[in-house]
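Novice: Chains as they are written, first to last, in the numbering used here: chain A, 31 to 397; chain B, 170 to 295.
First the structure, which I've put down as structure tokens, then a few questions once you've had a look.
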Amino acid sequence: MIKKTSLFNLHKKHNAKLVEFAGYEMPIHYKDGIIQEHKFTRSNCGIFDVSHMGQLFIYGKENLTQDLENIFPIDLEKLNLNQSKYSFLMDENACIHDDLIITKILEGYLIILNAACKEDDLRIINKKLNNKYDLQLKEDLSLIALQGPEAKNILEKKVEGVSKLKFMNGGNFKFSDINIFITRSGYTGEDGFEISIKNNYAEKFVEEMLSNGSKMIGLGARDTLRMEAGLCLYGNDIDKNTTPIEANLKWAISKNRIDTDYPGSKIIKKQIQLGVEKIRVGIKPENRVIARGDTKIFSNDDKEIGKITSGTFGPSVDHSIAMGYVDRQYSNLNTKLFLEVRGKKIPANVCNLPFYKKNYVKGEINV
Amino acid sequence: MSDVKYSKEHEWLKLDGDIATIGITKHATEMLGDIVFTELPEKGTSVEKDGTAGVVESTKAASDVYTPVSGEVIDTNQAIVDDPSKINQDPENSAWFFKLKIKDPSEIETLMNKDDYDKFAKETSA
């Protein structure tokens, strides 16, 4: 049966066009449409229902940090309380089973998982931890993202102190009389927050944000925003056939973990040393044609050299944008490529990611 | 005032003598969402009834544009190529797609009038 989030009635009230996504009935856009929603998020503050994502709490003392380091390629020992890091769940071939955000909390860790992967992830992680710890994939919590330059002002009005958080850090806060957990993070290339809140308070919380000037934003704009920001979507740009090195996400592997053990560590080390055969790059078509996922990529001399994994029209950059994997020798900046769209070869160029870059406020680091 | 006719593929057609102006319906634009790219047929080419005669892409997906009648393309609307958002703004008027010198006037009779189209659009989108 198709699942609904705690904000389902609110989506309907705001005339959402609903689609099934990862087993949930989710809003793709509201009455303003994807482009307006996208631009509003870049200039003001958008609210996203991301409650379909998994919120996995792992509790345990003693060896939990050590045991999790055997699963994730990051330096958890150095992670401060309430600090977050981006990481991956990989198999022995270093292929990505999910990408995730892990945050150190009191007496444990909170891991935010992709909706389509969360049940599998829970099973894999629990098995790797030998069922030693208390793992809770919380269904009684909603997850709401507030994104955009006004997010901090709008949220601060109702949640005092939240604007002092640094990027990729979180903390416990009060909303009305209940406890909520907030991290300063997001998936749009904007400053913003993700709020974990009890299901039965989620609607009230969102209504408060709306009355302070925020607007509901659907998954359609979430996708165009993340693509402009050069961020990967699991299932499109990364999956069980790609490694973090191939995905050009080497930065997310902690330097002091490269020589240590975790699933796929030997392959990661080898790929860092010797390079990879294919690598993810940003691609800009020379005209407005959109090259969507699975579009074939050709070289200047008409050799098939890769495939597009995501492509759309970027409303803020006012240009067709894409990313995909190409053979390594074609991955240099400004390499001329051709994209086969509806039988025609469209000229394009390898370009820097992200397509859209925000000037962050001093003291806030985008990672 | 000439009569406007509609196709099951959500195109509209306005006839003036033997020249048909063709575009996509308001209902089609509402289903597509924000249109960000348009491709039109070349002037001078011949198109066959129900054949593809262009592409529209929204932020969500690409869709073919079909011609509801056969004929020779005598004009195309460059304004909607330069700014595809015009299609969402004024789909059944200034954002026309192409003009045809029609080949067979009897093909027009296979198309729907406004009432029938509105009913069809409502039923198929429900």
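Note that the Cβ used here is the ideal one computed from N, Cα and C, for glycine as well.
Because the structure is a prediction, the values reported are computed rather than measured.
1) Taking C-beta to C-beta, are residue 138 of chain A and residue 89 of chain A nearer than 8 Å?
2) Hey, residue 298 of chain A and residue 272 of chain A: beta-carbon distance below 8 Å or not?
3) Using the three-state DSSP reduction, which class does residue 44 of chain A fall into: helix, strand or coil?
4) For residue 202 of chain B and chain A, any beta-carbon pair shorter than 8 Å?
5) Which of the residues in the stretch 246-266 of chain A, read from start to end, lie with their CB under 7 Å from any CB of chain B?
6) Let me make sure I understand the geometry here. Which of A:334, A:253, A:198, A:39 has the alpha-carbon closest to that of residue 51 of chain A?
7) Quick check on DSSP: helix, strand or coil for residue 377 of chain A?
8) Quick check on DSSP: helix, strand or coil for residue 240 of chain A?
9) Hey, how far is the Cα of residue 244 of chain A from the Cα of residue 251 of chain A?
10) Would you decide whether residue 35 of chain A is buried or exposed? Buried here means 16 or more other CB atoms lie within 10 Å of its CB.
11) By DSSP, does residue 250 of chain A sit in helix, in strand, or in coil?
12) For residue 78 of chain A, return the contacting residues in chain B, with the cut-off set at a CB-CB distance below 8 Å.
13) Within 8 Å of any Cβ in chain A, is that where the Cβ of residue 194 of chain B sits?
14) For residue 170 of chain B, which of helix, strand or coil comes out of DSSP?
15) Along chain B, which residues have their Cβ under 8 Å away from the Cβ of residue 235 of chain A?
16) With 16 other CB atoms within 10 Å as the buried threshold, where does residue 177 of chain A fall?
17) Counting only beta-carbon separations shorter than 8 Å, does residue 205 of chain B have a partner in chain A?
18) Apart from the five residues just before and just after residue 276 of chain B, which ones in its own chain have a Cβ nearer than 8 Å to its Cβ?
19) Using DSSP's beta-bridge definition, name the partner residues of residue 49 of chain A.
20) Measuring CB atoms only, is the stretch 130-148 of chain A touching the stretch 187-194 of chain A, in the sense that at least three cross pairs come out at less than 8 Å?
21) Tell me which residues share the same chain as residue 358 of chain A and place their Cβ nearer than 8 Å to its Cβ, disregarding the 5 neighbours each side in the sequence.
22) Among residues of its own chain, excluding the 5 on either side of residue 397 of chain A, which ones have a beta-carbon nearer than 6 Å to its beta-carbon?
23) Report the residue from A:73, A:227, A:385 whose alpha carbon sits nearest the alpha carbon of residue 206 of chain A.
24) Between which residues of its own chain and residue 395 of chain A is the CB-CB distance below 6 Å, once the five residues before and five after are set aside?
25) Using only CA atoms, which one of A:93, A:71, A:83, A:99 lies nearest to residue 293 of chain A?
26) Measuring alpha carbon to alpha carbon, tell me which of A:179, A:141, A:158, A:160 ends up nearest residue 166 of chain A.
27) So which residues of chain A does residue 224 of chain B contact, with C-beta pairs closer than 8 Å?
28) Return the first residue and the last residue of the alpha helix (DSSP H) that residue 80 of chain A is part of.
29) Is there a Cβ of chain B sitting closer than 8 Å to that of residue 142 of chain A, yes or no?
30) Out of A:97, A:256, A:223, which has the shortest C-alpha to C-alpha gap to residue 386 of chain A?
31) For a test of the three-state rule: what should DSSP assign to residue 275 of chain B, helix, strand or coil?
32) Contact criterion: CB-CB distance below 8 Å. Does residue 63 of chain A meet it with respect to chain B?
33) What residues in its chain sit with their C-beta under 6 Å from that of residue 58 of chain A, if we drop five residues either side in the sequence?
34) Check the DSSP bridge columns for residue 231 of chain B and list the partner residues they point to.
35) Please state whether the Cβ-Cβ distance between residue 313 of chain A and residue 338 of chain A is less than 8 Å.
36) Give every residue of the same chain whose Cβ lies closer than 8 Å to the Cβ of residue 209 of chain A, excluding the five residues on either side of it in the sequence, and list them in chain order.
Specialist: So, from the listed chains and residues:
1) Within the first sequence, the letter at position 108 stands for residue 138 of chain A. Within the first sequence, the letter at position 59 stands for residue 89 of chain A. Cβ distance < 8 Å, so residue 138 of chain A and residue 89 of chain A count as in contact.
2) Within the first sequence, residue 298 of chain A is the residue found at index 268, counting from 1. Within the first sequence, residue 272 of chain A is the residue found at index 242, counting from 1. Taking 8 Å as the Cβ cut-off, residue 298 of chain A and residue 272 of chain A do not qualify as a contacting pair.
3) Walking along the first sequence from the start, residue 44 of chain A turns up at place 14. It is coil, neither helix nor strand.
4) Locating residue 202 of chain B in the second sequence gives position 33, where the first residue counts as 1. With 8 Å as the cut-off, residue 202 of chain B counts as an interface residue toward chain A.
5) 250, 254
6) On the first sequence, residue 51 of chain A is found 21 positions in, with the first residue counted as 1. The residue with the shortest Cα to Cα distance from residue 51 of chain A is A:253.
7) In the first sequence, residue 377 of chain A corresponds to position 347, counting from 1. Three-state DSSP puts residue 377 of chain A in a strand.
8) Within the first sequence, residue 240 of chain A is the residue found at index 210, counting from 1. It is helical.
9) As a position in the first sequence, residue 244 of chain A is number 214, starting the count at 1. As a position in the first sequence, residue 251 of chain A is number 221, starting the count at 1. Approximately 15 Å, taken between the alpha carbons.
10) Along the first sequence, one-based indexing puts residue 35 of chain A at 5. Buried, by the Cβ-count rule.
11) Residue numbering aside, residue 250 of chain A sits at position 220 when the first sequence is read from its first letter. Three-state result, residue 250 of chain A: helix.
12) Within the first sequence, the letter at position 48 stands for residue 78 of chain A. Result: empty, since nearest Cβ-Cβ is about 16 Å, beyond 8 Å.
13) Within the second sequence, residue 194 of chain B is the residue found at index 25, counting from 1. Output row for residue 194 of chain B: interface = no.
14) Locating residue 170 of chain B in the second sequence gives position 1, counting from the first residue. Here the model assigns residue 170 of chain B a pLDDT of 44, short of 50, so the residue's position is not dependable and the matter cannot be decided.
15) Counting from one through the first sequence, the residue named residue 235 of chain A turns up at place 205. Chain B residues near residue 235 of chain A: none, gap ~28 Å exceeds 8 Å.
16) Taking the first residue of the first sequence as position 1, residue 177 of chain A is located at position 147. Counting Cβ neighbours within 10 Å, residue 177 of chain A comes out buried, since at least 16 surround it.
17) Along the second sequence, one-based indexing puts residue 205 of chain B at 36. Closer than 8 Å to some Cβ of chain A, the Cβ of residue 205 of chain B qualifies, so yes.
18) What you label residue 276 of chain B is simply residue 107 of the second sequence in a count that begins at 1. Within the same chain, residue 276 of chain B has close Cβ partners 218, 237, 238, 239.
19) Counted from its first residue, the first sequence places residue 49 of chain A at position 19. Partner(s): A:56.
20) no
21) By 1-based counting over the first sequence, the position of residue 358 of chain A is 328. 305, 306, 307, 308, 309.
22) Within the first sequence, the letter at position 367 stands for residue 397 of chain A. Because the pLDDT of residue 397 of chain A is 40, which lies under 50, any placement of that residue in the model is unreliable, and the question is left without a value.
23) In the first sequence, counting from the first residue as 1, residue 206 of chain A sits at position 176. When each option's Cα is compared against that of residue 206 of chain A, the closest is A:227.
24) By 1-based counting over the first sequence, the position of residue 395 of chain A is 365. Below a pLDDT of 50, predicted positions are generally treated as unreliable, and residue 395 of chain A, at 46, falls in that range; no measurement from the model is reported.
25) On the first sequence, residue 293 of chain A is found 263 positions in, with the first residue counted as 1. Selected option, being the one with the closest Cα: A:99.
26) As a working mapping, residue 166 of chain A is identified with position 136 in the first sequence. Cα-wise, what sits closest to residue 166 of chain A is A:141.
27) One-based indexing of the second sequence puts residue 224 of chain B at position 55. The contacting residues are 372.
28) On the first sequence, residue 80 of chain A is found 50 positions in, with the first residue counted as 1. Run containing residue 80 of chain A: none; DSSP gives neither H nor E here.
29) By 1-based counting over the first sequence, the position of residue 142 of chain A is 112. No, residue 142 of chain A does not count as interfacial toward chain B.
30) Within the first sequence, residue 386 of chain A is the residue found at index 356, counting from 1. The residue with the shortest Cα to Cα distance from residue 386 of chain A is A:256.
31) What you label residue 275 of chain B is simply residue 106 of the second sequence in a count that begins at 1. Three-state result, residue 275 of chain B: helix.
32) As a working mapping, residue 63 of chain A is identified with position 33 in the first sequence. Answer yes: the Cβ-Cβ gap between residue 63 of chain A and chain B drops below 8 Å somewhere.
33) For the purposes of this step, residue 58 of chain A is taken as residue 28 along the first sequence, with counting starting at 1. Hits under 6 Å: 47, 49, 248, 249, 250.
34) One-based indexing of the second sequence puts residue 231 of chain B at position 62. For residue 231 of chain B, which the question treats as bridged, DSSP gives the partners B:226.
35) By 1-based counting over the first sequence, the position of residue 313 of chain A is 283. By 1-based counting over the first sequence, the position of residue 338 of chain A is 308. Yes, the Cβ-Cβ distance between residue 313 of chain A and residue 338 of chain A is below 8 Å.
36) Counting from one through the first sequence, the residue named residue 209 of chain A turns up at place 179. These residues qualify, in order along the chain: 202, 203.
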